[in-house]
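S.K.: Residue numbers (our numbering): 43 to 459. Glycine included, every Cβ here is placed at the ideal spot set by N, Cα and C. These figures come from a predicted structure and were not determined experimentally.
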Ligand SMILES: *Cc1c(COP(=O)(O)O)cnc(C)c1O
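#1: Does residue 126 come out as helix, strand or coil in the three-state DSSP assignment?
#2: Tell whether a beta-carbon distance below 9 Å holds between residue 20 and residue 270.
#3: At a cut-off of 8 Å, would you count residue 419 as near ligand 1, judging by its Cβ distance to the nearest heavy atom?
#4: Assess, as a yes-or-no matter, whether the segment 207-221 is touched by the segment 159-167 under the definition of 3 or more beta carbon pairs within less than 8 Å.
#5: CB-CB under 6 Å to residue 249, same chain, minus the five flanking residues each way: which ones, in chain order?
#6: Tell me, please, which residues DSSP counts as bridged to residue 299.
#7: By how many angstroms is the C-alpha of residue 222 removed from the C-alpha of residue 62?
#8: Taking 9 Å as the cut-off, decide whether the C-beta atoms of residue 74 and residue 435 are in contact.
#9: When DSSP labels each residue in this structure, what does residue 362 get in the three-state scheme?
#10: With a threshold of 8 Å, establish whether the CB of residue 402 neighbours any heavy atom of ligand 1.
#11: Per the contact definition of three or more C-beta pairs closer than 8 Å, is the segment 141-161 in contact with the segment 290-297?
#12: Is the Cβ-Cβ distance between residue 60 and residue 441 less than 9 Å?
#13: Return the first residue and the last residue of the beta strand (DSSP E) that residue 165 is part of.
#14: So what does residue 95 bridge to, in DSSP terms?
#15: Give a single yes or no on whether residue 266 has its beta carbon closer than 8 Å to a heavy atom of ligand 1.
#16: Indicate the three-state DSSP secondary structure (helix, strand or coil) for residue 426 in the structure shown.
#17: Is it buried or exposed, residue 103, if we count other Cβ atoms within 10 angstroms and call 16 or more buried?
#18: Rounded to whole angstroms, what's the CA-CA distance from residue 38 to residue 128? Just pull it up for me.
#19: Is residue 244 near ligand 1, in the sense that its beta carbon is under 8 Å from a heavy atom of that ligand?
#20: Do you know how far the Cα of residue 125 is from the Cα of residue 264?
#21: Taking the Cβ atom as the reference point for each residue, do residue 381 and residue 402 lie within a distance shorter than 9 Å?
#22: Kindly list the residues whose CB is nearer than 8 Å to the CB of residue 47, restricted to its own chain and excluding five residues on each side of it in sequence; keep chain order.
#23: Which word fits residue 456, buried or exposed, when buried means at least 16 other C-beta atoms lie within 10 angstroms of its C-beta?
#24: May I ask you to report which of helix, strand or coil DSSP gives residue 342?
#25: Please confirm if the segment 236-255 is in contact with the segment 87-97, defined as three or more CB-CB distances below 8 Å between the two stretches.
#26: How far does the beta strand (DSSP E) with residue 106 in it reach, from first residue to last?
#27: Report yes or no: do three or more beta-carbon pairs, one from the segment 194-206 and one from the segment 228-237, lie closer than 8 Å?
#28: Got a sec, what are the start and stop residues for the alpha helix (DSSP H) residue 432 sits in?
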């Protein structure tokens with residue numbers, strides 16, 4: 043055993059979260075793509091079969107009430123809330139992240155309008171954002187008669203002014219893995235009298251967010267990355283408690299009506315987080331997500347057994363940083379000098395739960411890694427992206443990934459120069 047293999051074994055032996063790996067369906071591959079699609083929790087297939095065969099197949103229409111289908115968006119929102127530092131009653135689950143970005147950003151501009159500030163004619167958007175947020179922001183700006191200004195998160199404090207209505211930011215950069223300063227930027231946005239909308243896709247489930255503590259106005263995020271909800275599982279929308287009475291959704295569907303079954307011609311929004319609902323929820327995906335969240339809440343799977351203790355986001359963050367530190371160490375030990383360059387900040391305060399390496403011929407290198415059982419992904423034009431989900435990634439996985447990357451880049455040296 044090499045020194046790093048021995049160290050990995052020691053780190054795994056001391057890892058308090060190591061037992062959680064058995065709560066996921068995994069194979070011999072090293073799965074470092076949980077920041078794109080989280081692995082399948084073992085609690086999900088049985089629950090989905092129950093929803094399909096019993097709740098739908100036998101109870102049919104009765105399940106809207108008897109199986110708690112109607113209230114699932116708020117109930118599951120309350121289960122996500124502690125993971126992002128929110129008190130209950132502020133998060134609703136449903137629709138995609140893209141749709142929730144639209145609701146949140148237009149909602150934020152309308153809040154600024156309502157404050158009577160007609161001169162707030164700008165929306166700031168993270169220039170490095172995941173593209174969908176930028177596309178939606180452009181449309182939201184056009185619809186609300188605002189000018190969209192793309193700026194990097196570092197430029198936001200200087201770009202803010204009495205003209206700013208709302209700011210849309212990503213908590214962690216999907217490409218580089220850089221963690222942005224949510225408390226500081228939110229405070230700067232508020233000092234300018236504007237509203238802050240945060241996209242938590244790459245932070246929820248991987249690190250503490252502190253939505254309530256830092257006074258975030260609105261937030262959105264997906265559930266199929268670090269929350270392991272499954273392909274296309276519904277996203278969520280956070281609207282801070284005191285803003286809810288004024289939150290004016292641009293998609294006021296019947297599910298957010300105060301009396302949805304009154305079938306009134308006039309819209310009257312429900313009080314609370316449910317105001318962010320639109321139409322009939324995608325129950326199969328939503329209840330798969332709910333089962334996936336069992337991993338966090340006492341963890342007792344439905345086949346019985348298990349330690350039954352809760353998993354704190356602080357312990358997940360500590361392991362995440364240990365995993366990415368160890369990966370960077372393995373990369374520098376195994377990879378030939380100069381073949382890769384880390385785009386992910388070295389400082390913990392600026393690092394999410396992934397490592398992005400700039401690399402020549404990255405697309406081809408990633409294909410070779412996947413062929414050898416190390417699953418990461420390629421991001422255009424030259425980035426190897428490795429996501430570390432602390433719930434199921436081990437230090438032995440990390441050592442193997444670094445070693446295989448080193449071997450692959452050693453071999454390709456001759457071929458690719
Ligand atoms: C993954 C991701 C999305 C995905 O949006 P969907 O509507 O779920 O496809 C949006 N924003 C960010 C920052 C992401 O990382």
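M.R.: A quick look at the data gives this:
#1: Residue 126: helix per DSSP, three-state reduction.
#2: With the chain represented from 43 up to 459, any question about residue 20 goes unanswered, as that position is not in the structure.
#3: Exclusion of residue 419 from the 8 Å shell around ligand 1 follows from its C-beta lying no nearer than that to any non-hydrogen atom of the ligand.
#4: Yes, since at least three Cβ pairs between the segment 159-167 and the segment 207-221 fall closer than 8 Å, the two stretches touch.
#5: Same-chain partners within the cutoff: 359.
#6: DSSP, once it has assigned bridges, lists 311 as partnering residue 299.
#7: Approximately 28 Å between the Cα atoms of the pair.
#8: With contacts defined as CB atoms closer than 9 Å, residue 74 and residue 435 qualify as a contacting pair.
#9: When DSSP states are grouped into helix, strand and coil, residue 362 belongs to the helix group.
#10: Checking every heavy atom of ligand 1 against the Cβ of residue 402, none is found closer than 8 Å.
#11: In this structure the segment 290-297 lies against the segment 141-161, because at least three pairs of beta carbons, one per stretch, are closer than 8 Å.
#12: By the CB criterion at 9 Å, residue 60 and residue 441 fall outside the cutoff.
#13: Residue range 164-168 is occupied by the beta strand (DSSP E) that includes residue 165.
#14: DSSP lists no bridge partner for residue 95.
#15: The answer is yes for residue 266.
#16: Here DSSP, grouped into helix, strand and coil, assigns residue 426 to strand.
#17: Residue 103 comes out exposed.
#18: An answer regarding residue 38 cannot be provided, because it is not within the stretch 43 to 459 covered by the chain.
#19: Yes, the Cβ of residue 244 comes within 8 Å of a heavy atom of ligand 1.
#20: One C-alpha to the other measures close to 13 Å.
#21: Closer than 9 Å, so yes.
#22: For residue 47, the CB contacts under 8 Å within the same chain, skipping 5 residues up- and downstream, are 438, 441 in chain order.
#23: Residue placement at residue 456 is flagged as unreliable, the pLDDT there being 48, under the threshold of 50; the coordinate-derived value follows with that caveat. By the 10 Å Cβ count, residue 456 comes out exposed.
#24: Confidence at residue 342 is low in this model, with a pLDDT of 43, below 50, so its placement is unreliable and no value can be given for it.
#25: Fewer than three Cβ pairs drawn from the segment 236-255 and the segment 87-97 lie within less than 8 Å of each other, which leaves the two stretches out of contact.
#26: Unbroken run through residue 106 is the alpha helix (DSSP H), 105-108; no beta strand (DSSP E).
#27: Yes, the segment 194-206 touches the segment 228-237.
#28: No alpha helix (DSSP H) holds residue 432; DSSP gives it neither H nor E.
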